[in-house]
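Visitor: In the numbering used here, the protein residues as written are 135 to 424.
Shown below is the structure under consideration.
Structure representation (structure tokens):
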């Protein structure tokens, strides 16, 4: 690990902790002794999170016929694991500062990319049974979280990296490494450790750019890496948009993802619905899905 990375990781202590209720929910949702009432009581201590949970439960994202009006009903209808993914997703989406009006990097598009990967990963996990769907969704939400750390700790250099990526000369991943000297996957691993996420989620965050990871052999990490590739194939870049390019054929190894997700438009619709319920209607969205 280079000096730049070490120095930045030391500054992770300056970042906010994972909201307390979301941290407790992470543990309780994996504890078979927890009752729906106990989980609902913890969630109810955070009024903002309670409102978001009920709103998401009634949104088009889930499409339930019955109306959910209390946290306990949401826990019973969604289940413990689904509640965890909603609580963690909504909490993290509201932890980092919003974009400045003049900032090239756009948080709406950042979360659009992240939630699209989450939705795709959840669908692939259900189809392949290579990971728990709720873990796949959570890891998808988290996979680029290190990028927000770099943005917050090195704002000027990060802005320069985004500007370079917007020229289309290279990916933001390559640009940020070249200009800031750090990689967001390394930073994401460190943040996951600070926030005490389970090891398998941390590994998925750290490995999401590893081309060697496959759906067949690498479980959750393979699902996140390949779903990230699939989303990027359609031009859903992380935090910025480019003019639509001529579509290219889908690589054959990504066809299983395409089939499991029923196409990028379905994923984008579900991602938009989740974000709208969790943090409000996005001001920006992608120009085209391909």
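Cβ coordinates follow ideal geometry from the N, Cα and C atoms, glycine included.
1. Return the Cβ separation of residue 339 and residue 279 in integer angstroms, given the expectation that the two are a contact with Cβ distance under 8 Å.
2. Considering only the beta carbon of each residue, do residue 341 and residue 349 sit closer than 9 Å?
3. Check this for me: beta carbons of residue 400 and residue 142, under 9 Å apart or not?
4. Using the C-alpha atoms, what's the distance from residue 225 back to residue 182?
5. Mind checking which residues open and close the alpha helix (DSSP H) that includes residue 364?
6. Helix, strand or coil: how does DSSP classify residue 331 here?
7. What's the gap between the Cα of residue 359 and the Cα of residue 187?
8. Apart from the five residues on each side of it in sequence, which residues of its chain come closer than 8 Å, Cβ to Cβ, to residue 201?
9. In or out: residue 345 buried (at least 16 other Cβ within 10 Å) or exposed?
10. With DSSP run on the structure shown, which of helix, strand or coil describes residue 395?
11. Just checking, does the segment 364-372 make contact with the segment 383-402 on the three C-beta pairs under 8 Å criterion?
12. What is the rounded straight-line gap between the Cα of residue 288 and the Cα of residue 276?
13. Considering Cα atoms alone, identify which of 185, 286 and 314 is closest to residue 241.
14. With H, G and I counted as helix, E and B as strand and the rest as coil, what does DSSP make of residue 262?
15. With a Cβ-Cβ cutoff of 9 Å, do residue 465 and residue 238 count as a contact?
16. Taking the CB atoms as reference points, tell me whether residue 413 and residue 228 lie closer together than 9 Å.
17. Since residue 205 and residue 174 are thought to touch, with beta carbons under 8 Å apart, how far apart are those beta carbons, to the nearest angstrom?
18. For residue 292, report the span of its alpha helix (DSSP H) as first-last.
19. Taking only runs that begin and end inside the segment 151-232, name each unbroken beta strand (DSSP E) of 3 or more residues, in chain order.
20. Could you tell me the boundaries of the alpha helix (DSSP H) in which residue 315 lies?
21. Can you tell me whether residue 353 is buried or exposed? The criterion is at least 16 other CB atoms within 10 Å of its CB, across all chains shown.
22. Can you have a look at residue 179 and say buried or exposed, based on whether 16 or more other CB atoms are within 10 angstroms of its CB?
23. What do you get for residue 213, buried or exposed, if any count of 16 or more other CB atoms within 10 angstroms of its CB means buried?
24. Look up residue 306 in the DSSP assignment and say whether it is helix, strand or coil.
25. Below 9 Å between beta carbons: does that hold for residue 394 and residue 252?
26. Return the chain-ordered list of same chain residues with a C-beta closer than 6 Å to the C-beta of residue 247, the five sequence neighbours on each side being excluded.
27. Counting only the same chain and skipping the five closest in sequence on each side, list residues whose C-beta sits under 7 Å from that of residue 335.
28. Going by DSSP, what residue range makes up the alpha helix (DSSP H) through residue 348?
29. Using a 10 Å radius around the Cβ and a threshold of 16 neighbouring Cβ atoms, would you call residue 417 buried or exposed?
Guide: Answer, in terms of the structure:
1. Within the chain shown, numbered from 1, the residue matching residue 339 stands at position 205. Within the chain shown, numbered from 1, the residue matching residue 279 stands at position 145. Going by Cβ atoms, the distance from residue 339 to residue 279 rounds to 7 Å, so yes, they are a contact pair.
2. Position 207 of the chain shown holds residue 341. Position 215 of the chain shown holds residue 349. No. Outside cutoff.
3. In the chain shown, the residue the question calls residue 400 occupies position 266. In the chain shown, the residue the question calls residue 142 occupies position 8. No. Outside cutoff.
4. Translated into positions along the chain shown, residue 182 becomes position 48. Translated into positions along the chain shown, residue 225 becomes position 91. Going from the Cα of residue 182 to the Cα of residue 225 covers about 9 Å.
5. Position 230 of the chain shown, counted from the first residue, corresponds to residue 364. Per DSSP, residue 364 belongs to the alpha helix (DSSP H) from 353-367.
6. In the chain shown, the residue the question calls residue 331 occupies position 197. DSSP places residue 331 in coil when its eight states are reduced to three.
7. On the chain shown, position 225 is the one that residue 359 refers to. On the chain shown, position 53 is the one that residue 187 refers to. Cα-Cα distance, rounded: 28 Å.
8. By 1-based counting over the chain shown, the position of residue 201 is 67. Answer for residue 201: 192, listed in chain order.
9. As a first step, residue 345 is located in the chain shown; it is residue number 211 there, counting from the start. Looking at its Cβ environment, which holds fewer than 16 other Cβ atoms inside 10 Å, residue 345 is exposed.
10. Numbered from its first residue, the chain shown carries residue 395 at position 261. Three-state DSSP puts residue 395 in a helix.
11. yes
12. On the chain shown, position 154 is the one that residue 288 refers to. On the chain shown, position 142 is the one that residue 276 refers to. When rounded, the distance between both Cα atoms is 20 Å.
13. Counted from its first residue, the chain shown places residue 241 at position 107. The option with the nearest alpha carbon to residue 241 is 286.
14. Counting from 1 along the chain shown, the entry for residue 262 is found at position 128. In the structure shown, residue 262 sits in a helix (DSSP, three-state: H, G or I).
15. Lying outside 135 to 424, the shown extent of the chain, residue 465 is not represented and no answer is given.
16. Stepping through the chain shown from its first residue, residue 413 is reached at position 279. Stepping through the chain shown from its first residue, residue 228 is reached at position 94. Yes, these two residues count as a Cβ contact at 9 Å.
17. Indexing the chain shown from 1 puts residue 205 at position 71. Indexing the chain shown from 1 puts residue 174 at position 40. Going by Cβ atoms, the distance from residue 205 to residue 174 rounds to 4 Å, so yes, they are a contact pair.
18. Locating residue 292 in the chain shown gives position 158, counting from the first residue. Counting along the chain, the alpha helix (DSSP H) containing residue 292 begins and ends at 289-300.
19. none
20. Stepping through the chain shown from its first residue, residue 315 is reached at position 181. Segment: none, residue 315 is in no alpha helix (DSSP H) and carries neither H nor E.
21. Your numbering for residue 353 matches position 219 in the chain shown. When all chains shown are included, residue 353 counts as buried.
22. Stepping through the chain shown from its first residue, residue 179 is reached at position 45. Exposed is the call here.
23. Here residue 213 refers to the residue found at position 79 of the chain shown. Exposed, since its Cβ has fewer than 16 Cβ neighbours within 10 Å.
24. Against the chain shown, residue 306 aligns to sequence position 172. Helix.
25. Taking the chain shown and counting its residues from 1, the one referred to as residue 394 is at position 260. Taking the chain shown and counting its residues from 1, the one referred to as residue 252 is at position 118. Not a contact, by the Cβ cut-off of 9 Å.
26. Indexing the chain shown from 1 puts residue 247 at position 113. Around residue 247: 370 and 372.
27. Counting from one through the chain shown, the residue named residue 335 turns up at place 201. Cβ neighbours of residue 335 beyond the five flanking positions: 269, 272, 273, 276 and 326.
28. Position 214 of the chain shown, counting from 1, holds the residue named residue 348. Element bounds for residue 348: n/a, residue is neither H nor E.
29. Translated into the one-based positions of the chain shown, residue 417 becomes position 283. So residue 417 counts as exposed.
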